[in-house]
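Take a look at the structure set out below.
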Ligand SMILES: [Zn+2]
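Chains as they are written, first to last, in the working numbering: chain A, 2 to 274; chain B, 237 to 486.
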């Protein structure tokens with residue numbers, strides 16, 4: 002009954018590949034995941050084996066995650082690394098940074114070089130109620146700056162701990178850190194743009210919670226270019242097919258889609274990690 | 237065949253980027269390969285049931301010549317006689333290509349209890365007219381009370397909220413056989429498979445969430461839900477078609 006050829010039927014397109022085969026002939030890098038149970042949400046698949054099986058179906062090559070209990074509870078990063086060691090094909094970890102425990106930050110980062118599966122840091126400032134620009138993050142950010150590491154921040158439009166102005170200031174203060182703006186400064190889309198175009202070339206918008214919204218990916222691609230956007234799901238919060246479906250059905254080109262799903266991450270971090 | 241259970245059309249009161257005209261919806265459906273859609277008026281809350289019911293019928297008549305859309309009308313308490321009595325109301329629905337009911341008691345300031353809409357809801361249950369329940373994701377106890385009052389009605393929860401709602405929706409799916417869930421904001425990993433296996437694929441419906449949400453996300457998650465093709469087809473559109481065809485409006 003449809004009047005025109007649907008996007009899923011365009012021969013040779015990325016959308017057609019996913020529609021037919023459930024995966025593409027290129028990998029996906031999911032740069033924003035979690036692990037473990039959550040206080041407010043039932044997660045049937047929040048431990049490594051079930052997450053890994055879900056990732057394998059759609060062809061995710063790497064999921065970089067931070068553990069809920071390392072962010073919100075008393076689990077230490079060394080224990081998270083041990084989980085990854087047992088399930089290391091697709092999973093990599095961010096070291097969770099809790100600004101309320103400076104001694105833990107120092108102890109954990111002292112072990113960082115012994116953790117081959119830790120690739121960067123994760124900050125959750127809105128939940129910890131400490132602004133990203135606060136001095137309590139300085140030690141971790143200097144550490145990331147010396148090593149040119151990625152730092153994934155939870156960001157949200159209008160939230161004074163992690164909104165656009167705070168992230169822009171932070172990225173200007175630490176030009177050697179690679180900042181992944183988790184949730185793309187959600188909802189404050191003009192600041193999403195400013196956080197990229199006014200930063201010293203070290204920032205990327207990470208899409209978690211955006212795919213599914215109508216027209217927003219198109220706007221971000223127009224505003225900052227697909228070279229500055231990376232893919233994420235918050236797995237086990239959101240389904241890989243739902244999120245990928247939102248990216249590949251957006252009204253953008255296949256090159257843009259490939260930039261978002263894998264090329265940008267491979268350009269910034271390489272493939273050997 | 238995709239049949240969208242959750243769309244809103246009209247000019248939003250406060251503007252915004254979302255273009256929600258019927259031509260825009262039809263174009264979006266074509267682009268994504270969605271065949272049909274069940275549509276509510278986008279201004280039900282601010283402009284009221286009476287005005288938007290009428291306006292939706294006119295829009296459907298004028299802007300959807302191929303009849304790909306089916307409308308939803310909003311109900312009000314019986315005692316104020318703002319809408320015709322049930323038989324007349326249902327006959328008008330049939331004439332004007334309206335297939336389901338909805339309600340917005342919060343915005344329209346009434347209590348969705350048997351006292352207010354008992355007769356109408358009993359008639360709707362008798363005739364198996366589906367009732368769309370949007371925006372309950374922050375008011376679960378209201379929804380629980382509603383289902384306790386109207387267990388025989390065919391109900392479709394639209395918008396579960398994107399932050400995993402299993403703790404809230406599974407008890408309703410388990411307890412009320414006529415309770416259904418629309419999936420536009422059900423983003424739980426492998427969750428469609430879990431719900432289908434637990435409660436049956438007949439209880440789940442594709443929805444886009446237009447104009448706020450896009451069509452493609454949930455299409456791909458249903459297509460690759462890791463369930464039998466026959467189940468995917470039910471969820472994509474078969475269930476909604478069955479529910480609407482089963483309604484006896486006259
Ligand atoms: Zn997150």
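Note that the Cβ used here is the ideal one computed from N, Cα and C, for glycine as well.
Among residues of its own chain, excluding the 5 on either side of residue 197 (chain A), which ones have a beta-carbon nearer than 7 Å to its beta-carbon?
Position 196 of the first chain, counted from the start, is the residue given in the question as residue 197 (chain A). Take residue 197 (chain A), set aside five residues on each side of it, and the residues of its chain with a beta-carbon closer than 7 Å to its own are 204, 206, 225 and 229, in chain order.
Quick check: the Cα distance between residue 275 (chain B) and residue 261 (chain B), rounded to an integer number of angstroms?
The residue given as residue 275 (chain B) occupies position 39 in the second chain. The residue given as residue 261 (chain B) occupies position 25 in the second chain. Looking at the backbone, the Cα of residue 275 (chain B) and that of residue 261 (chain B) are separated by about 10 Å.
Determine the contact status of residue 151 (chain A) and residue 179 (chain A), defining contact as a CB-CB distance below 8 Å.
To locate residue 151 (chain A), count along the first chain from 1; it is residue 150. To locate residue 179 (chain A), count along the first chain from 1; it is residue 178. Contact: yes.
Can you tell me which of A:212, A:182 and A:71 puts its alpha carbon nearest to the alpha carbon of residue 165 (chain A)?
In the first chain, the residue the question calls residue 165 (chain A) occupies position 164. Ranking A:212, A:182 and A:71 by Cα distance to residue 165 (chain A) puts A:182 first.
Contact criterion: CB-CB distance below 8 Å. Does residue 214 (chain A) meet it with respect to chain E?
The structure shown has no chain E; the protein chains it does contain are A and B.
Could you tell me the boundaries of the alpha helix (DSSP H) in which residue 491 (chain B) lies?
In the structure displayed, chain B extends from 237 to 486; residue 491 (chain B) sits before or after that span and is not available.
Pick helix, strand or coil for residue 2 (chain A), following the three-state DSSP scheme.
Residue 2 (chain A) sits at position 1 when you count from the first residue of the first chain. Any reading at residue 2 (chain A) must be qualified, since the residue scores a pLDDT of 46, below 50, and its modelled position is unreliable; no value is offered.
Bridge partners - residue 212 (chain A), DSSP secondary structure assignment
The residue given as residue 212 (chain A) occupies position 211 in the first chain. In the DSSP output, where bridge partners are listed per residue, residue 212 (chain A) has A:214.
Determine the chain B residues that contact residue 55 (chain A) at a beta-carbon separation under 8 Å, and present them in chain order.
Walking along the first chain from the start, residue 55 (chain A) turns up at place 54. Ordered by position in chain B, the residues that pass the 8 Å Cβ test against residue 55 (chain A) are 425 and 426.
Taking a cut of 8 Å between CB atoms, which residues from the stretch 449 to 467 of chain B lie near chain A?
Listed by position along the chain: 449, 450, 451, 452, 453, 454, 455, 456, 457, 459, 460, 461 and 462.
Within the 8 Å Cβ cut-off, does residue 346 (chain B) reach chain A?
For this step, residue 346 (chain B) is matched to residue 110 along the second chain. With 8 Å as the cut-off, residue 346 (chain B) does not count as an interface residue toward chain A.
Can you pull the chain A residues whose beta carbon is under 8 Å from the beta carbon of residue 399 (chain B), in chain order?
Looking up residue 399 (chain B) in the second chain gives position 163. Simply 41, 42 and 238.
Under DSSP, the beta strand (DSSP E) around residue 153 (chain A) begins and ends at which residues?
Here residue 153 (chain A) corresponds to residue number 152 of the first chain, with the count starting at 1. Where residue 153 (chain A) is concerned, the enclosing beta strand (DSSP E) stretches over 151 to 157.
Residue 68 (chain A) (DSSP reduced to helix, strand or coil):
Here residue 68 (chain A) corresponds to residue number 67 of the first chain, with the count starting at 1. Collapsing the DSSP output to three states places residue 68 (chain A) in a strand.
What does a CB cutoff of less than 7 Å around residue 250 (chain B) pick up in its chain, not counting 5 residues either side in sequence?
Along the second chain, read from residue 1 onward, the residue named residue 250 (chain B) stands at position 14. Cβ neighbours of residue 250 (chain B) within its own chain (closer than 7 Å, five residues either side excluded): none.
Along chain A, which residues have their Cβ under 8 Å away from the Cβ of residue 446 (chain B)?
Taking the first residue of the second chain as position 1, residue 446 (chain B) is located at position 210. Ordered by position in chain A, the residues that pass the 8 Å Cβ test against residue 446 (chain B) are 215.
For residue 129 (chain A), is the beta carbon positioned less than 7 Å from some heavy atom of ligand 1?
Here residue 129 (chain A) refers to the residue found at position 128 when the first chain is read from its first residue. Residue 129 (chain A) Cβ: outside cutoff for every heavy atom of ligand 1.
Is it a yes or a no for the stretch 66 to 76 of chain A touching the stretch 134 to 145 of chain A, going by three-plus beta-carbon pairs under 8 Å?
Counting C-beta pairs with one atom in each stretch, the stretch 66 to 76 of chain A and the stretch 134 to 145 of chain A have fewer than three that are closer than 8 Å, which means they do not touch.
Contact criterion: CB-CB distance below 8 Å. Does residue 403 (chain B) meet it with respect to chain A?
Taking the second chain and counting its residues from 1, one reaches residue 403 (chain B) at position 167. Proximity of residue 403 (chain B) to chain A, defined by a Cβ-Cβ separation below 8 Å, is satisfied.
One or two residues paired with residue 276 (chain B) in a DSSP bridge
Locating residue 276 (chain B) in the second chain gives position 40, counting from the first residue. Per DSSP, B:244.
Can you tell me the Cα-Cα spacing of residue 129 (chain A) and residue 163 (chain A), whole angstroms?
For the purposes of this step, residue 129 (chain A) is taken as residue 128 along the first chain, with counting starting at 1. For the purposes of this step, residue 163 (chain A) is taken as residue 162 along the first chain, with counting starting at 1. Each residue's alpha carbon lies about 11 Å from the other.
Same chain only: Cβ atoms within 7 Å of residue 302 (chain B), ignoring 5 sequence neighbours per side
For this step, residue 302 (chain B) is matched to residue 66 along the second chain. Excluding sequence neighbours, residue 302 (chain B) sits near nothing in its chain.
So, do the stretch 432 to 448 of chain B and the stretch 394 to 411 of chain B have three or more beta carbon pairs nearer to each other than 8 Å?
By the Cβ test, the stretch 432 to 448 of chain B is in contact with the stretch 394 to 411 of chain B, since at least three Cβ pairs between them sit closer than 8 Å.
Ligand 3 heavy atoms versus the CB of residue 209 (chain A): any closer than 7 Å?
With respect to ligand 3, the structure shown offers nothing to examine, as its ligands consist of ligand 1.
I'd like to know whether the C-beta of residue 252 (chain B) is nearer than 8 Å to at least one C-beta of chain A.
Here residue 252 (chain B) corresponds to residue number 16 of the second chain, with the count starting at 1. At a cut-off of 8 Å between beta-carbon atoms, residue 252 (chain B) makes no contact with chain A.
Enumerate in chain order the residues of its own chain whose CB-to-CB distance from residue 322 (chain B) is below 7 Å, with the five nearest sequence positions on each side excluded.
Sequence index remark: in the second chain, residue 322 (chain B) carries index 86 (1-based). If we look at residue 322 (chain B) and ignore the five residues flanking it on each side, its Cβ neighbours are 355, 356 and 359.
Comparing the C-beta of residue 241 (chain B) with each C-beta of chain A, is any distance below 8 Å?
Counted from its first residue, the second chain places residue 241 (chain B) at position 5. With 8 Å as the cut-off, residue 241 (chain B) does not count as an interface residue toward chain A.
What residues from chain B crowd round residue 241 (chain A), counting only those whose CB sits closer than 8 Å?
By 1-based counting over the first chain, the position of residue 241 (chain A) is 240. Listed along chain B, the residues sitting closer than 8 Å to residue 241 (chain A) by beta-carbon distance are 425.
Residues of chain A with CB under 7 Å from residue 371 (chain B), in chain order?
Against the second chain, residue 371 (chain B) aligns to sequence position 135. Near residue 371 (chain B) there are no residues of chain A at all, since even the closest Cβ is about 17 Å away, more than 7 Å.
In this structure, how does DSSP classify residue 436 (chain B) when only helix, strand and coil are distinguished?
Taking the second chain and counting its residues from 1, the one referred to as residue 436 (chain B) is at position 200. Residue 436 (chain B) falls in the coil class under three-state DSSP.
Using a C-beta cutoff of 8 Å, does residue 276 (chain B) count as contacting chain A?
Start at 1 with the first residue of the second chain, and residue 276 (chain B) comes out as number 40. For residue 276 (chain B), the answer is no, since every Cβ of chain A falls outside 8 Å of its Cβ.
Taking 7 Å as the cut-off, is the CB of residue 35 (chain A) close to at least one heavy atom of ligand 1?
Translated into positions along the first chain, residue 35 (chain A) becomes position 34. Result yes, Cβ under 7 Å from ligand 1.
Give a yes or no on whether the minimum CB-CB distance between residue 19 (chain A) and chain B is below 8 Å.
To locate residue 19 (chain A), count along the first chain from 1; it is residue 18. Interface residue, yes.
Let me check understanding here. Comparing Cα to Cα, which of B:255, B:268 and B:245 lies closest to residue 452 (chain B)?
Position 216 of the second chain, counted from the start, is the residue given in the question as residue 452 (chain B). Each of B:255, B:268 and B:245 was checked against the Cα of residue 452 (chain B), and the nearest Cα belongs to B:268.
Would you list the one or two residues that DSSP bridges to residue 309 (chain B)?
Counting from 1 along the second chain, the entry for residue 309 (chain B) is found at position 73. As DSSP reads the structure, residue 309 (chain B) sits in a beta bridge with B:337.
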